[in-house]
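See below for the structure under consideration.
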Amino acid sequence: MVAEIEARVGLPTVLARRSAGRRSQLGRAALLLAPSLVFLAAFTYWPIGQVIGQALTIETFGSDTVGYGLGNFERLLADASFGRALLNNLVYALGTIVPSIAIALALAVGLQDATRFNAGLRTVVFFPVLLPLVAAAALFLFVFLPGIGLLDYYLARLGAGSTNWLGDPDIALWSLIGLTVWKNAGYYMLFFLAGLQAIPLDLYEAARLEGAGAWGRFRRITLPLLGPTLAFVLVIALVNVITQVDHVVVLTKGGPSDSTNLLLFYIYQQAHENYDYGKAAAATVLSVAGLLALSLLSLRTLERGIHYEA
Amino acid sequence: MSRIASAALAAALTLGIGSGAALAATDIEMFFPVPVEGKLAKEMKNLMDRFNAEHPDIKATAVYTGSYDETNIKTRAAIKAGRPPAAVIMSANFVLEYQINGEIQPLDPLIQADGQTPDAFMGKFWPALHGNARFAGKVWAAPFHNSTPLLYFNADHFKAAGLDPNNPPKTWAEWVDAAKKLTVRDGDTVKRYGLMLPGNYDYLGWVMTALTMSNGGLYYNPEFGGEVFYDTPSMLGALTLVDNMAHKYKVMPDGVTDGKAVSTAFFAGQASMVVLSTGSLSFIRQNMKDNYGVAFVPRNLRNAVAIGGASLIMPKGLSDERRQASWTLIKWLTSPEISGHWSRFTGYFAPNKGAYELPEMKTFIAENPDAKVALDQLQYAQSWFATYNTVAVRKALEDEVQAVIAGKKKPAEALKAAQAKADDIMRPYVEQTALNLPN
Chain F
0 MVAEIEARVG LPTVLARRSA GRRSQLGRAA LLLAPSLVFL AAFTYWPIGQ VIGQALTIET
60 FGSDTVGYGL GNFERLLADA SFGRALLNNL VYALGTIVPS IAIALALAVG LQDATRFNAG
120 LRTVVFFPVL LPLVAAAALF LFVFLPGIGL LDYYLARLGA GSTNWLGDPD IALWSLIGLT
180 VWKNAGYYML FFLAGLQAIP LDLYEAARLE GAGAWGRFRR ITLPLLGPTL AFVLVIALVN
240 VITQVDHVVV LTKGGPSDST NLLLFYIYQQ AHENYDYGKA AAATVLSVAG LLALSLLSLR
300 TLERGIHYEA
Chain R
0 MSRIASAALA AALTLGIGSG AALAATDIEM FFPVPVEGKL AKEMKNLMDR FNAEHPDIKA
60 TAVYTGSYDE TNIKTRAAIK AGRPPAAVIM SANFVLEYQI NGEIQPLDPL IQADGQTPDA
120 FMGKFWPALH GNARFAGKVW AAPFHNSTPL LYFNADHFKA AGLDPNNPPK TWAEWVDAAK
180 KLTVRDGDTV KRYGLMLPGN YDYLGWVMTA LTMSNGGLYY NPEFGGEVFY DTPSMLGALT
240 LVDNMAHKYK VMPDGVTDGK AVSTAFFAGQ ASMVVLSTGS LSFIRQNMKD NYGVAFVPRN
300 LRNAVAIGGA SLIMPKGLSD ERRQASWTLI KWLTSPEISG HWSRFTGYFA PNKGAYELPE
360 MKTFIAENPD AKVALDQLQY AQSWFATYNT VAVRKALEDE VQAVIAGKKK PAEALKAAQA
420 KADDIMRPYV EQTALNLPN
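Chains as they are written, first to last, in numbering that gives the first Met the number 0: chain F, 0 to 309; chain R, 0 to 438.
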């Protein structure tokens, strides 16, 4: 009876004591997390909320901000310039990611042995990474000058005529792609070099004993074991494709005739040239959503086939 | 600091001890863009030091805010944030937007408080500059430094091609003829172009304005910011001339050439004639090795170009002291002496006519006849195009003109597309103004 009473009374007290303990623990955790949470909220989540809010409102001339539903998204999708920027960004993504990763991988495999000669070559290849993109773009303004620029100067020696690298709408985007590959390949090489260090050498020795050739060793050992690195580099490259437009700003401002306009620069134009904050916010929401989806997808699919252990 | 200063000042005034010696200086900030970095920014600092030394009751700071477009963005952001600068050197064709949006204050009350009429105040500046500064019945800006497009030519190339450098082309017919003679070919490839025009955004719109105006056109409605005249015979003639230069006579590069590439090609002797701003005069004078000359932009129906450059504006919402201090700074910067000094340093012409009456300016003009040509063209200059959402409306045309220069479109269809796009951009303003009718 007493036990029963005790049990009846005690259970809740124990529970209460336990939950109080958990609460104080939670409180301590919250307290410890608070500084970073405050900053995260103030500088990440709050702006994200604001952008979403902005995407759903419109501010036209002579009237106050009003709710607009999905109107901004409709206007955005109807805008030919947005379509052009999206298409350009896709071409730019394929044109920069595939070659820069391929080159980075080739360079990393080729330069992985730590000889003095290789170290020198690595430095040379890594050099463009040290330049800020703005500075690189300013340099390439003179590399790309038709007729007089460095590129045409050497091409002329090979008998080619002058090319309007940045002024021809068919070529301009490819010029920017070339600059980006030159700039990023060395950076990605660094990740691959690190990834290669983690592959145990005995695997290669075993493969050699089995009579596997260089290509076989690369395809069967190096490539699969570089999976996690590849997935990581791919995500970095995807993010770069959306977030780096310094060269567009310096070299072309999206021209000629929108042929080099990329999403981020389009957003800038809508916000600061057209003062169309609703459309800019809608474009931001769409591109960030697309980027998130792509990153998740690439991490998921690549991870499925990844061997994390050697 | 400034709050304490003004509190102290207020206390001093209420106690009746406000003597001539100010207790503390009024702090003001001025945003300024520099089209050419480095030297000009340094010279602006020198000017501010001089101003502050001459005006102990004011402490003015010049804040470098990047290009014209970036200055526009930063000014707008500062106004939105409720911390407007006391004065801004703003691209002259953006002033209208600030007036449309009600973000700047008219200068008339300040002018009148000085015992001057607005007519007398504006009378100090060249007539061509009035349109972008005084409109809708009020004075909104004070011109600071200005320019017009100018034809620069390589005099050595002229002589070698049998042309007279003392008699540069005046009409479009002479211009085409000269460009043909100056172009050097080797089979199908061009070794030297007779003509290059800057085709990057902003510059291209300005050059097209000059060509259209030279063809009798207006380009935009100077009285109403909701109208541009893109799909018109005057613009069609101008754009067809450009198209012909590139594709019929092949004396100009196919595709867009950036303004920087144009000046580089001119220095390298790869372009014999170029159209660039008078603001580039000092730059070209210092870098051109061959002999060169300058001339008016050639005409078809009349001599006419649009002005460029920047004016001083004053945002709304300043305290009385700051407004007075800002006004003192604006008057000082646009005075004949400072105006002339800045003009000689940069190559822009001085908006204040009085600057050219000063002896040092007379000597300078005598020594640099090219500066005189720029000045002479001023009497044919007109207002710079300014509309609701100027940059986007300008880009609507530039994208299409670029397509024509690259051989992707024909002039007539390009202009129809440009007009449609521009009308679309200006619609919100037009609906609130010209199409806002009584029920």
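For glycine and all other residues, C-beta sits at the position ideal for the given N, C-alpha and C.
This one's a predicted model, so the numbers in the text were calculated from it and none came from an experiment.
Short CB-CB distance (under 8 Å) between Gln401/R and chain F: yes
message: For the region 318 to 327 of chain R against the region 391 to 399 of chain R, do three or more pairs of beta-carbon atoms, one drawn from each stretch, fall closer than 8 Å, so that the two count as touching?
response: no
message: Can you pull the chain R neighbours of Glu73/F, defined as C-beta to C-beta under 9 Å?
response: The premise fails here: Glu73/F is roughly 15 Å from chain R at the closest Cβ pair, so nothing lies under 9 Å.
task: Tell me, please, whether the CB atom of Ala178/R is closer than 8 Å to any CB atom in chain F?
output: no
field: Arg82/R in three-state terms, based on DSSP
entry: coil
task: Kindly indicate which three-state DSSP category His144/R falls into: helix, strand or coil?
output: strand
task: Rounded to whole angstroms, what's the CA-CA distance from Ala20/R to Ala417/R? Just pull it up for me.
output: Confidence in Ala20/R is poor, its pLDDT being 44 and thus under 50, which makes the residue's placement too unreliable to answer from.
- request: Please determine, among Trp164/F, Gly185/F, Ala205/F and Ala159/F, the residue with the shortest C-alpha to C-alpha distance to Thr188/R.
  value: Ala159/F
query: Between His271/F and chain R, is there a C-beta pair that is closer than 8 Å?
result: yes
query: With a Cβ-Cβ cutoff of 8 Å, do Ser262/R and Leu280/R count as a contact?
result: no
query: Beta-carbon of Phe60/F versus every beta-carbon of chain R: anything under 8 Å?
result: yes
task: Report the three-state DSSP secondary structure of Leu317/R (helix, strand or coil).
output: coil
task: Compare the C-alpha of Thr256/R against each of Leu208/F, Leu261/F, Gly146/F and Thr300/F and name the closest.
output: Gly146/F
- prompt: Using a Cβ-Cβ cut-off of 7 Å (strictly less than) and excluding sequence neighbours within five positions of Tyr267/F, which residues of its own chain qualify?
  reply: none
message: Short of 8 Å Cβ to Cβ, which residues in the region 364 to 396 of chain R face chain F?
response: Tyr387, Asn388, Val390, Ala391 and Lys394
task: Using 7 Å as the cut-off, classify the Cβ of Pro108/R as near or not near the heavy atoms of the ligand ADP, replying yes or no.
output: Among the components of this structure there are no ligands whatsoever, and the ligand ADP is therefore not found.
task: Starting from the C-beta of Asn239/F, find all residues in its chain whose C-beta is less than 7 Å away, skip the five residues before and the five after it, and write them out in chain order.
output: Asn183
query: What span of residues does the alpha helix (DSSP H) with Gly353/R cover, start to end?
result: Neither: Gly353/R is in no alpha helix (DSSP H) and is coded neither H nor E.
task: Quick one: grab the DSSP three-state call for Ala21/R.
output: Per-residue confidence for Ala21/R stands at a pLDDT of 45, beneath the threshold of 50, marking its modelled position as unreliable; the derived number appears in the next sentence. Looking at Ala21/R - three-state DSSP - the assignment turns out to be coil, as it is neither helix nor strand.
Interface positions of the region 65 to 94 of chain F facing chain R (Cβ-Cβ less than 7 Å), listed along the chain: none
message: I'd like to know whether the C-beta atoms of Gly353/R and Lys123/R end up nearer to each other than 8 Å.
response: yes
- prompt: Name the residues in the region 197 to 217 of chain R whose C-beta lies less than 8 Å from a C-beta of chain F; which are they?
  reply: Gly198, Asn199 and Tyr200
query: Any C-beta of chain R sitting closer than 8 Å to the C-beta of Pro131/F?
result: no
field: Beta-carbon separation (whole angstroms), Leu357/R vs Pro335/R, contact threshold 8 Å
entry: 6 Å
- request: Taking Ile311/F as the query, report the chain R residues whose CB atoms sit under 7 Å from its CB, ordered along the chain.
  value: Any answer about residue 311/F is impossible in this case: the structure gives chain F only from 0 up to 309.
Distance, Val65/F Cα to Asp169/F Cα: 41 Å
Per-residue burial, Thr259/F [other beta carbons within 10 Å of its own, 16 or more giving buried]: buried
query: Relative to the alpha-carbon of Ala137/F, which residue among Pro168/R, Lys259/R, Leu374/R and Arg49/R has its alpha-carbon at the smallest distance?
result: Lys259/R
query: Among Leu377/R, Gly204/R and Gly198/R, which one has its Cα closest to the Cα of Ile404/R?
result: Gly198/R
task: Pull up the distance between the alpha-carbon of Asp319/R and that of Ile27/R, whole angstroms please.
output: 12 Å
message: So that I know if they touch, is there some Cβ in chain F lying closer than 8 Å to that of Ala260/R?
response: yes
- request: Kindly confirm or deny that the region 197 to 214 of chain R and the region 290 to 304 of chain R touch, where touching means at least three C-beta pairs closer than 8 Å.
  value: yes
field: Selection of the region 338 to 358 of chain R by Cβ proximity to chain F, strictly under 7 Å
entry: none
task: Anything in chain F within Cβ reach of Thr256/R, meaning under 8 Å, just list it in chain order.
output: Pro145, Asn163 and Gly166
query: Are the Cβ atoms of Ser271/R and Leu181/R separated by less than 8 Å?
result: yes
field: Cβ-based contacts, 7 Å cut-off: residues of the region 148 to 159 of chain F near chain R
entry: none
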